[in-house]
Every structure is written in C-alpha cells, then in structure tokens.
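Chemist: After the structure tokens below, expect a handful of questions from me.
There are 2 protein chains.
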Amino acid sequence: MAASRVSLRYLILGLIAEDPMSGYDIRQFLGNLGWLIGSPSCGSLYPALRRLLQDGLATVDIDLRETKPPKKIYSITEAGRNALQGWIDQPTLPGSLKAFTMRLILANSLSRSRLIAHLQQRRSDVAAHQARLRGVAGALHATGDSKQHLALDYALAVARAERTWLDSTLEGLSQTGEVAGGAHRLRSTDAL
Amino acid sequence: MAASRVSLRYLILGLIAEDPMSGYDIRQFLGNLGWLIGSPSCGSLYPALRRLLQDGLATVDIDLRETKPPKKIYSITEAGRNALQGWIDQPTLPGSLKAFTMRLILANSLSRSRLIAHLQQRRSDVAAHQARLRGVAGALHATGDSKQHLALDYALAVARAERTWLDSTLEGLSQTGEVAGGAHRLRSTDAL
DNA sequence: AAGCGCATGTAAAAGGTTACATGATTAC
DNA sequence: GTAATCATGTAACCTTTTACATGCGCTT
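Residue numbers (my numbering), protein chains in the order written: chain A, 1 to 192; chain B, 1001 to 1192.
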C-alpha cells in the first residue's frame, strides 16, 4: 500500500501528463493551488523528477532559450501513462483530504465515470466524518466540556462546505450528459 | 524555524496540557478530529511522548487498573507549559491549513487576544489565497483552458467556507466580551 | 552594483509511515 | 476458543524539509 507514500511522484506525473512542464513550472503551479496539499520544495521535487526519468515514466527535452537559463521540459511516456492510470484507479482510502485533492487536480486524466465514482466515494467519506464529528461534539456537550469547541466547529464547517460542493458538482456532472470536456457547465459557485 | 517540523510534539503537548492523557487516548482523539491534520501512527506517537519525557516537558503517571492493561497518563510540566507557550506565540506562516488547525485544537491554551489575532491572521491569509485562486482561474479561463477547473472550484469553495466561518467566529468572539471560558456563546453553525 | 526572478540542483537531518511484536481482557 | 479491543512499543525504510549552492539576466 504505497498509495500515499509516493504521492508526489504521481502528482508530478499527472501534471506533466496534462502539459509538459519543467520543475520550476510545477513549483509555480502548486504554489498557487497547493494550499490544501502543500507545495513541495526543491529538495523533494527534483529528485522525484529524476526518479521518474530513471524508471522510464518520463522523458526530458531541454529548451535552450538564448537569453534565459535553459529549461528541462518533462513529458510523460507510455509507460508513465500506464503507471499513472494504475495509481489513479486504485480506490482512495477514506478520510484523506490530500488524496482527494490530488485526484481532483488530476481529474483530466480520469474517465468521466471514474471521476463521478471518486466524488461519490468522497461524499460518503465526508458524510461519515460529519457523523463522527457530531458524535464527538455531542459527547463533549454532554459532559459540559467546551474544549475543542472551536476546532470541532471549524471541522464541521469545512465538512459541510465540502458536501455542498460535492452535491452540486455531482449534480452538474449528471446533467451535462455528453459534453466533451466534462467540466464545462459546472456551476462555479462564485459569490463574494 | 523548526515550526512545522516538530508539529506533533507540540500538538501532543497541547493536548496533555488541557487534559492528561495516555498515548492511546491521544490517538483516539486525533482519530476523530484528525481529518484535517492527519492522525499520527504509533510509530511517531510513542517516540514523541518519550522525547517529551526526556526533555522534561512532561511526566508520566502509571494507572494500574486491576482488570485492564495499565495506562501511562502523561501530564505537562511547568517547563512544558513554557515551551508550549513559546511555540504557540510564534506567528504562523501563511497558507498552512495544518498549522492553523493545530492552533485551533490548542485554542484553550491561547489567550483570548492571541486567539483573535490568530483568527484574523488566518482570515487575511485566506483572503490572499482566494485572490490568488481567482487570478489563476481568470488566467485559465482567458486561455480557454478548462484543466484544473474542478480543483480550482473546490479550493475556492473551501476557502469561501473558511472565510465565512472565520467572520462569524470573530464576530462571536468580539461580542462575548467577558465570558470566562471564551468559547461559550459561539454560534455553532449547525445546519444539516 | 546590488538585488531579485529565473532555474536547477545537493546533502544532512529530521520526521513519519509501515509493519512487526507483545500481552491482557472482553465478547461472541 | 477465537476474534476484537485495549494498550504499548520497536525498527527499517522512505520522504520531505531545511539549508546550502550555483549561475545568468534584468531592473533600479
């Protein structure tokens, strides 16, 4: 079960599968979006890239731009695509925010049905988590224990938001029956 | 800056500061609430406890219960409280969900004003993050690039929920001027 | 000329996860 | 009696972080 251990490896693989990128590009990208999963530092990123090369899952093209420092553009190989698919296909262990968000970032590599299955799995996980949190909250309330009230309240708020998002996203996915891109008409809840 | 490195150490310290607990208790507790921060495994928990003992930040009392296996109840020492306070006082680096959630769990060890400052800091971080995400979303939209639409949408939904929660919690805190416990009259947004 | 953004990397150290290991009690 | 829960721990392995290191080009 090296599912979560080797996460960065497959996250990178998924990113270069969608668009060939350099290590620097990957850092930029994850720096913007990596709030939930934490963006990797050089010390983990570059070794990971080299391992992908060694394992034949990726190739490099060096882009020598006259004036600027050269870039190493990494692309995925056929073997890489297979490995990536294999990783994506294995079901996510419940409860890991990180694992879920990663699959979401790699949503383009998922088939429509797998994406839906993944979201449904998450919805059920979140529901279970909500139930557990409410149980804990009830127990604490019963003993008059107000410790961790804030943390519980916060966790519940996040869980509720996630569930709302999952519901509306799944609804959107089931409506857009045939749309090619898959994620076109999703209602982007964009208040504020 | 060993702020995030030694996180588990201080999380444990904060938990036993509020209530003396055994290693097993800590795992139970974090298993319920640890969705956002990930609950530690035995392999990290017990060594961490021993290090706390070695460093004089905690003490043990062995609870020999006739019929059940003995429990080692850990309590915080004076030195431990100082160390914990020192850790809590140092400002959180922006953008780390984990760091924030931990402080939230340890909210009882924070003074009221520090708690408020911490929440305000987080609110500003979240706002900055929202702005960045919208920037990325706009850029992708401009290039007709629908990749990562889902991930962005999800991240925005979570950020929005967090901000709403922060706003209402801060409002609650500013209203309950003198309440001793600090977290009594907080409106627990408990729909669904 | 100094500093920042680009772009890549390395080495040491710390930390965590996995898996193994133990042993008693309670419930089926 | 056999499984599950309670309760603690160890050791190998792997990742990741931190910090250091380099070098070019552009801007002030």
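Even for Gly, the Cβ is constructed at its ideal location relative to N, Cα and C.
Could you give the first and the last residue of the continuous alpha helix (DSSP H) run that contains B:Lys1071?
Modeler: For B:Lys1071, no alpha helix (DSSP H) segment is defined; the enclosing uninterrupted segment is the beta strand (DSSP E) at 1071-1076.
Chemist: Between the beta-carbon of B:Leu1119 and the beta-carbon of B:Leu1170, is there less than 8 Å?
Modeler: yes
Chemist: Roughly how many whole angstroms lie between the Cα atoms of B:Gly1014 and B:Leu1093?
Modeler: 19 Å
Chemist: Given a cut-off of 8 Å, decide if B:Leu1097 and B:Leu1036 are closer than it, judged by their beta-carbon atoms.
Modeler: yes
Chemist: Checking contacts by CB at 8 Å: is A:Arg132 closer than that to chain B?
Modeler: Interface flag for A:Arg132 against chain B is set, since a Cβ pair is found closer than 8 Å.
Chemist: Starting from B:Thr1059, follow the beta strand (DSSP E) in both directions and report where the run begins and ends.
Modeler: 1058-1063
Chemist: Is there contact between the stretch 40-47 of chain A and the stretch 57-72 of chain A, where contact requires at least three CB pairs shorter than 8 Å?
Modeler: no
Chemist: Residues of chain A with a CB under 7 Å from the CB of B:Ile1105: which are they?
Modeler: Gln148, Ala151
Chemist: Relative to the alpha-carbon of B:Ser1111, which residue among B:Ala1128, B:Arg1123, B:Gly1086 has its alpha-carbon at the smallest distance?
Modeler: Of the listed residues, the one whose Cα sits closest to B:Ser1111 is B:Gly1086.
Chemist: For A:Ala48 and A:Ile88, which I take to be in contact (beta-carbon distance under 8 Å), what is that distance rounded to the nearest angstrom?
Modeler: About 17 Å; that fails the 8 Å criterion.
Chemist: Along the alpha helix (DSSP H) that carries A:Trp165, what are the first and last residues, could you check?
Modeler: 149-175
Chemist: Could you tell me whether the Cβ of B:His1129 comes closer than 8 Å to any Cβ of chain A?
Modeler: yes
Chemist: Which residue marks the beginning of the alpha helix (DSSP H) containing A:Ala137, and which one marks its end?
Modeler: Where A:Ala137 is concerned, the enclosing alpha helix (DSSP H) stretches over 112-142.
Chemist: With C-beta atoms as the reference, is A:Ala159 less than 8 Å away from A:His129?
Modeler: yes
Chemist: By DSSP's criteria, A:Met21 is part of a beta bridge. Which residues make up the other side?
Modeler: A:Tyr74
Chemist: Helix, strand or coil, according to DSSP, for A:Ile88 in the structure here?
Modeler: helix
Chemist: To the nearest angstrom, report how far apart A:Arg9 and A:Gly172 are at their CA atoms.
Modeler: 31 Å
Chemist: Taking the continuous alpha helix (DSSP H) assigned at A:Leu93, which residues delimit it?
Modeler: That residue, A:Leu93, is in no alpha helix (DSSP H); it is neither H nor E in DSSP.
Chemist: Please state whether the Cβ-Cβ distance between A:Ala83 and A:Leu57 is less than 8 Å.
Modeler: yes
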